[in-house]
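K.L.:
Going down the list, the protein sequences come from chains A and B. The opening residue of the first sequence carries number 11 in this note's numbering; numbering runs sequentially from there. The opening residue of the second sequence carries number 111 in this note's numbering; numbering runs sequentially from there.
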Amino acid sequence: MKYLGVELQKPKVGVFDFTSCEGCQLQLANKEGSLVDFLSLIEIVNFREISSDKSDDYDVALIEGSISRADEVERLKKIRENAKILVALGSCACFGGVNSLKNRFPIEEVVTEVYGDMPKETEPVRRVSDVVKVDLCIPGCPVSKAEVERIVVNLVTGAEVKFPKYPVCVECKQHVNTCLFDLGQLCLGPITQAGCGAVCPNGKYPCLGCRGAFADPNYEAFKNIVAEKGFSMEYLKERLSFYNGFSGAYKDEM
Amino acid sequence: MKCDLNIDVHHLTRVEGHGNIHVKVKDGKLVDAKWAVVETPRFFEAMVRGLSHDLAPVLTARICGICSIGHALASLRAVERAMDVQIPKTAKKLRLLAKHGETLQSHILHVFFLVAPDFYNVGSVIPIVAQHPDVAGLAVRLKGLANDLCDLVAGRTTHPVSLAVGGLTKAPSKDDLAKMKIAIEERLPDMLATIDLFASLKMPAFVRETEFVSLKGVNEYPWIGGDLISTDGVVKPEDDYLAMTNEYVVDFSTSKFTKLSRDAFAAGALARFNNNHHFLHEKAREAAERLGLRAVNHNPFMNNVAQVVESYHVMLESIEMIQALLDSDLKDIRADYKPTAGKGVGAVEVPRGILYHCYETDDSGIIKKANCIIPTTQNNANIHYDLPELVNQEMARGKDENEIEKLCEMLVRTYDPCISCSVH
């Protein structure tokens with residue numbers, strides 16, 4: 011690929027999956043219109059889901075999933091050693107994601123519930139940054155392919171990677187949607203990091219905060235609106251904890 | 111010929127999730143052949159307890175990135191049957207249309223991105239893009255169409271947004287549906303070219319007689335709900351899914367195994383075809399004939415061919431369904447309901463076979479107990495018992511270790527295992 015007439019070196023990219031649904035990896039194969047151009051920009055050297063080729067020589071490691079077993083910790087540490095840039099891809103990698111709902115219960119009880127008297131090894135769910143240094147977080151459940159493409163182009167061309175500094179509400183308004191609070195729903199759009207294009211509110215489904223808190227959320231005002239509209243704090247907390255994207259932040263304030 | 115084999119495929123590639131193949135042959139005698147899933151378990155059945163019923167489909171869609179629409183639909187059906195919610199007819203049709211989008215997306219992803227590289231002797235679809243741009247073009251255009259259909263009806267392909275308890279939160283506009291109908295019609299030549307392509311590929315000639323389990327069609331090819339049927343003659347109502355699956359835990363795999371009349375059974379496109387081929391669209395039936403697929407077919411590699419046939423079927427059926435939707439009004443798409451205590455099963459034919467979700471709710475609609483049985487879980491034992499048979503047959507044909515290893519990998523791939531799903 012050439013940029014301003016200069017031949018750029020293709021970065022070697024490895025994609026690695028941990029405790030997850032592999033949906034974020036799948037996004038890399040989506041957006042078919044620009045897929046061939048996207049693949050021409052990078053050299054994929056390790057992507058087990060779509061390729062049999064394997065290599066430990068990569069610049070960028072995209073990490074999908076949360077960490078819930080000792081062997082995952084070891085594998086993640088090795089990847090960290092090999093990679094120049096380690097990116098947490100998606101809500102599971104960034105925050106623990108829906109997998110964190112497991113942490114509400116004692117681990118033995120969870121194991122017995124599913125496997126009975128033949129237990130399988132598992133640990134409480136952790137974020138990738140709880141185990142190794144993370145250089146960049148791309149949130150979303152799943153990630154937005156458009157955003158991943160933009161970020162990868164920025165990494166390749168050396169441009170600064172920026173995220174919106176406003177909440178999902180702004181993107182929702184750009185789509186001229188009726189506010190979901192006015193339709194009787196509790197929506198986390200006012201406090202959630204934008205960048206998804208408000209995909210859930212566009213489908214008339216309330217935001218559940220998969221991208222985590224935006225830079226400057228006004229929890230107090232949000233809590234007042236939620237109470238005014240007649241929702242219980244218990245109902246709010248169930249939604250806030252769904253992707254674990256507000257952990258720490260709301261516990262003190264709500 | 112006396113030979114020794116030591117096949118040890120760690121983290122098989124071009125499948126969803128982590129699984130290993132172990133085969134050991136000493137002096138021409140098979141000592142061990144194993145399909146071992148080593149994926150980290152996620153415990154969704156435990157996680158969903160205590161959640162509001164309307165969050166269960168949102169959470170369980172996250173069991174899988176590929177078949178999240180199918181999980182949402184099975185989950186919705188389980189919640190709705192537990193609380194006796196009757197959804198409007200238009201919503202039923204729109205949900206099935208979203209499912210058709212997912213079936214097409216998943217089948218095309220599998221046959222082109224995951225399976226085709228084996229036939230071109232390359233490691234991935236990436237060299238195919240350079241060496242056979244015509245083939246890559248088919249894959250990209252058909253998959254793009256499928257994703258557009260999912261996006262239009264479900265709001266998103268991976269982890270749908272508009273499928274909600276009672277029906278849908280939003281219907282697509284008639285204008286967009288009319289455009290989608292034209293888009294599908296315009297892609298039919300690509301589908302015919304895909305059929306031509308697969309007619310030219312020679313599937314490995316491996317046969318092991320097995321039992322096939324699917325939903326039982328009534329007047330049409332089955333996708334959502336209804337009785338369960340097997341090629342060995344077992345018929346059970348949807349609610350009796352536990353008797354159809356007999357799930358059990360094994361020590362070498364984090365994914366469970368199942369059985370019915372024999373040691374193992376198969377679910378998926380080939381099982382659906384074997385049980386319900388007479389309900390396929392006439393043109394899809396002709397395509398099956400051209401591709402050499404006749405019921406009851408016991409060659410697991412023909413599952414890829416059945417996926418191609420089903421892809422054509424869902425395209426044809428989607429065109430007819432969209433026309434029916436355009437002729438109706440799209441207003442009544444969501445039923446009102448009050449949360450109640452109950453127990454409900456949702457059985458849905460997702461790309462890899464029947465998916466079951468079952469929930470118990472309390473008076474306020476909180477999930478008290480959940481069970482999910484995944485198609486790949488149902489196929490695990492069949493893969494496991496296919497392996498030794500395949501190795502023995504290929505050794506008898508004098509194949510060498512590399513050839514047998516490749517065939518073992520291809521065998522697992524043909525089932526299109528969704529391992530993260532199976533270790534939910």
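All residues carry an ideal CB built from backbone N, CA and C; glycine is no exception. Predicted model, so just to flag it, every value in this text is computed and none were measured.
Tell me the start and end of each unbroken alpha helix (DSSP H) in the stretch 178-246 of chain A that is at least 4 residues and wholly inside, in chain order.
P.N.:
You should have 178-184, 209-212, 229-238.
K.L.:
Please report how far the alpha carbon of Leu140 (chain B) lies from the alpha carbon of Ser44 (chain A), in whole angstroms.
P.N.:
Position 30 of the second sequence, counting from 1, holds the residue named residue 140 (chain B). Position 34 of the first sequence, counting from 1, holds the residue named residue 44 (chain A). Each residue's alpha carbon lies about 48 Å from the other.
K.L.:
Which two residues bound the contiguous alpha helix (DSSP H) that contains Leu352 (chain B)?
P.N.:
Numbered from its first residue, the second sequence carries residue 352 (chain B) at position 242. 351-355 is the span of the alpha helix (DSSP H), which, as asked, contains Leu352 (chain B).
K.L.:
If you count every other CB in all the chains shown that lies within 10 Å of the CB of Ser50 (chain A), and 16 or more means buried, which is it?
P.N.:
Residue numbering aside, residue 50 (chain A) sits at position 40 when the first sequence is read from its first letter. Result: exposed.
K.L.:
Note down, in chain order, all residues in the stretch 27-48 of chain A with a beta-carbon under 9 Å from any beta-carbon belonging to chain B.
P.N.:
Result list: Asp27, Phe28, Thr29, Ser30, Cys31, Glu32, Gly33, Cys34, Gln35, Leu36, Gln37, Ala39, Asn40, Lys41, Glu42, Gly43, Leu45, Val46.
K.L.:
Can you give me the start and stop residues for the beta strand (DSSP E) that Leu465 (chain B) sits inside?
P.N.:
Position 355 of the second sequence holds residue 465 (chain B). Residues 463-471.
K.L.:
Along chain A, in chain order, which residues have C-beta atoms closer than 8 Å to that of His168 (chain B)?
P.N.:
Along the second sequence, read from residue 1 onward, the residue named residue 168 (chain B) stands at position 58. A small fix is needed here, since residue 168 (chain B) is Val in this sequence, not His. What Val168 (chain B) touches in chain A: Leu218, Phe252.
K.L.:
Taking only runs of the alpha helix (DSSP H) that begin and end inside the stretch 189-225 of chain B, which ones reach a length of at least 4 residues, in chain order?
P.N.:
Fully enclosed alpha helix (DSSP H) runs of 4 or longer: 199-218.
K.L.:
Ser185 (chain B) and Ala166 (chain B) look like a contact to me (Cβ under 8 Å); what is the Cβ gap, rounded to whole Å?
P.N.:
As a working mapping, residue 185 (chain B) is identified with position 75 in the second sequence. As a working mapping, residue 166 (chain B) is identified with position 56 in the second sequence. Sure, about 5 Å apart at Cβ, within 8 Å.
K.L.:
Use the C-beta contact count for Ile334 (chain B): other C-beta atoms within 10 angstroms, 16 or more gives buried, fewer gives exposed.
P.N.:
As a first step, residue 334 (chain B) is located in the second sequence; it is residue number 224 there, counting from the start. With 16 or more other Cβ atoms within 10 Å, it is buried.
K.L.:
First and last residue of the alpha helix (DSSP H) that includes Glu42 (chain A)?
P.N.:
Along the first sequence, read from residue 1 onward, the residue named residue 42 (chain A) stands at position 32. Counting along the chain, the alpha helix (DSSP H) containing Glu42 (chain A) begins and ends at 42-51.
K.L.:
CB-CB under 7 Å to Gln417 (chain B), same chain, minus the five flanking residues each way: which ones, in chain order?
P.N.:
As a position in the second sequence, residue 417 (chain B) is number 307, starting the count at 1. Only His217, His220, Val221, Ala379 meet the Cβ criterion.
K.L.:
From what residue to what residue does the beta strand (DSSP E) around His163 (chain B) run?
P.N.:
Looking up residue 163 (chain B) in the second sequence gives position 53. From DSSP, His163 (chain B) is part of no beta strand (DSSP E); its letter is neither H nor E.
K.L.:
How big is the Cα-Cα spacing for Gly211 (chain B) and Arg251 (chain B)?
P.N.:
Locating residue 211 (chain B) in the second sequence gives position 101, counting from the first residue. Locating residue 251 (chain B) in the second sequence gives position 141, counting from the first residue. Distance between the alpha carbons of Gly211 (chain B) and Arg251 (chain B): 13 Å.
K.L.:
With H, G and I counted as helix, E and B as strand and the rest as coil, what does DSSP make of Lys88 (chain A)?
P.N.:
As a working mapping, residue 88 (chain A) is identified with position 78 in the first sequence. The answer is helix: DSSP assigns Lys88 (chain A) an H, G or I state.
K.L.:
Measuring only the C-alpha atoms, how far is Ser242 (chain A) from Phe153 (chain B)?
P.N.:
Taking the first residue of the first sequence as 1, we reach residue 242 (chain A) at position 232. Taking the first residue of the second sequence as 1, we reach residue 153 (chain B) at position 43. Each residue's Cα considered, the two are about 28 Å apart.
K.L.:
Find the residues of chain B that neighbour Asn92 (chain A), judging by a C-beta separation of less than 8 Å, and give them in chain order.
P.N.:
Position 82 of the first sequence, counted from the start, is the residue given in the question as residue 92 (chain A). Correct list: empty, because the minimum Cβ distance to chain B is about 17 Å.
K.L.:
With contact counted as at least three CB pairs below 8 Å, one residue from each stretch, are the stretch 183-197 of chain B and the stretch 269-282 of chain B in contact?
P.N.:
Output reads yes: the stretch 269-282 of chain B touches the stretch 183-197 of chain B.
K.L.:
May I ask you to report which of helix, strand or coil DSSP gives Leu311 (chain B)?
P.N.:
Within the second sequence, residue 311 (chain B) is the residue found at index 201, counting from 1. Three-state result, Leu311 (chain B): coil.
K.L.:
If the cut is a Cβ gap below 8 Å, which residues of chain B does Glu159 (chain A) touch?
P.N.:
Reading the first sequence from its first residue, position 149 is the one you call residue 159 (chain A). Ordered by position in chain B, no residue passes the 8 Å Cβ test against Glu159 (chain A), which lies about 15 Å from the chain.
K.L.:
With H, G and I counted as helix, E and B as strand and the rest as coil, what does DSSP make of Phe154 (chain B)?
P.N.:
In the second sequence, residue 154 (chain B) corresponds to position 44, counting from 1. Looking at Phe154 (chain B) - three-state DSSP - the assignment turns out to be helix.
K.L.:
Check each candidate in B:Lys280, B:Ile131, B:Val189 and name the one with the smallest Cα separation from Arg444 (chain B).
P.N.:
Walking along the second sequence from the start, residue 444 (chain B) turns up at place 334. Answer by Cα proximity: B:Lys280.
K.L.:
What residue range does the alpha helix (DSSP H) around Ser324 (chain B) cover?
P.N.:
Within the second sequence, numbered from 1, the residue matching residue 324 (chain B) stands at position 214. Per DSSP, Ser324 (chain B) belongs to no alpha helix (DSSP H); it is in the beta strand (DSSP E), 321-325.
K.L.:
From the DSSP secondary-structure annotation, give me the bridge partner or partners of Leu287 (chain B).
P.N.:
Translated into positions along the second sequence, residue 287 (chain B) becomes position 177. In the DSSP output, where bridge partners are listed per residue, Leu287 (chain B) has none listed.
K.L.:
Assign Phe223 (chain B) to one of two classes, buried (16 or more other C-beta atoms within 10 Å of its C-beta) or exposed (fewer than that).
P.N.:
Indexing the second sequence from 1 puts residue 223 (chain B) at position 113. Counting Cβ neighbours within 10 Å, Phe223 (chain B) comes out buried, since at least 16 surround it.
K.L.:
Under the rule that 16 or more other beta-carbon atoms within 10 Å means buried, what is Met128 (chain A), buried or exposed?
P.N.:
Stepping through the first sequence from its first residue, residue 128 (chain A) is reached at position 118. Exposed, by the Cβ-count rule.
K.L.:
Can you tell me whether Ala126 (chain B) is helix, strand or coil according to DSSP?
P.N.:
As a first step, residue 126 (chain B) is located in the second sequence; it is residue number 16 there, counting from the start. Correcting the residue identity first, residue 126 (chain B) is Glu in this sequence and not Ala. Reduced to three states, the DSSP call for Glu126 (chain B) is strand.
K.L.:
Starting from Phe173 (chain A) and walking both ways along the beta strand (DSSP E), at which residues does that stretch end?
P.N.:
Indexing the first sequence from 1 puts residue 173 (chain A) at position 163. It is not in any beta strand (DSSP E) - Phe173 (chain A) carries neither H nor E in the DSSP assignment.
K.L.:
Within 10 Å of its beta-carbon, does Ala154 (chain A) have 16 or more other beta-carbons around it, so buried, or fewer, so exposed?
P.N.:
Counting from 1 along the first sequence, the entry for residue 154 (chain A) is found at position 144. The sequence shown places Ser at residue 154 (chain A), not Ala. With 16 or more other Cβ atoms within 10 Å, it is buried.
K.L.:
So, at 7 Å on beta carbons, what are the nonlocal neighbours of Trp145 (chain B) in its own chain, with the 5 sequence-adjacent residues on each side left out?
P.N.:
Taking the first residue of the second sequence as 1, we reach residue 145 (chain B) at position 35. Excluding residues within five positions, the ones whose Cβ falls inside 7 Å are Gly129, Ile131, Asn490, Ile493, His494, Leu497, Val522.
K.L.:
Can you name, in chain order, every residue of its own chain whose Cβ lies under 6 Å from the Cβ of Phe362 (chain B), other than the five neighbours on each side?
P.N.:
Within the second sequence, residue 362 (chain B) is the residue found at index 252, counting from 1. If we look at Phe362 (chain B) and ignore the five residues flanking it on each side, its Cβ neighbours are Ala146.
K.L.:
Excluding five sequence neighbours on each side, which residues of the same chain lie with their C-beta closer than 8 Å to the C-beta of Ala240 (chain B)?
P.N.:
Within the second sequence, numbered from 1, the residue matching residue 240 (chain B) stands at position 130. Closer than 8 Å at the Cβ level, and outside the excluded window around Ala240 (chain B), lies no residue.
K.L.:
Quick check on the DSSP output: the alpha helix (DSSP H) that includes Phe105 (chain A) runs from which residue to which?
P.N.:
Position 95 of the first sequence holds residue 105 (chain A). Note, Phe105 (chain A): alpha helix (DSSP H), 101-105.
K.L.:
Alpha carbon to alpha carbon, how far is Leu214 (chain B) from Ala246 (chain B)? Give it in angstroms, no decimals.
P.N.:
Here residue 246 (chain B) refers to the residue found at position 136 of the second sequence. Here residue 214 (chain B) refers to the residue found at position 104 of the second sequence. Cα to Cα, the separation comes out at about 16 Å.
K.L.:
What separation, rounded to the nearest whole angstrom, lies between the Cα atoms of Glu396 (chain B) and Glu459 (chain B)?
P.N.:
Numbered from its first residue, the second sequence carries residue 396 (chain B) at position 286. Numbered from its first residue, the second sequence carries residue 459 (chain B) at position 349. The straight-line gap from Cα to Cα measures roughly 22 Å.
K.L.:
Under 9 Å between beta-carbons, which chain A residues line up against Asn257 (chain B)? List them in chain order, please.
P.N.:
One-based indexing of the second sequence puts residue 257 (chain B) at position 147. Result: Asn40, Lys41, Glu42.
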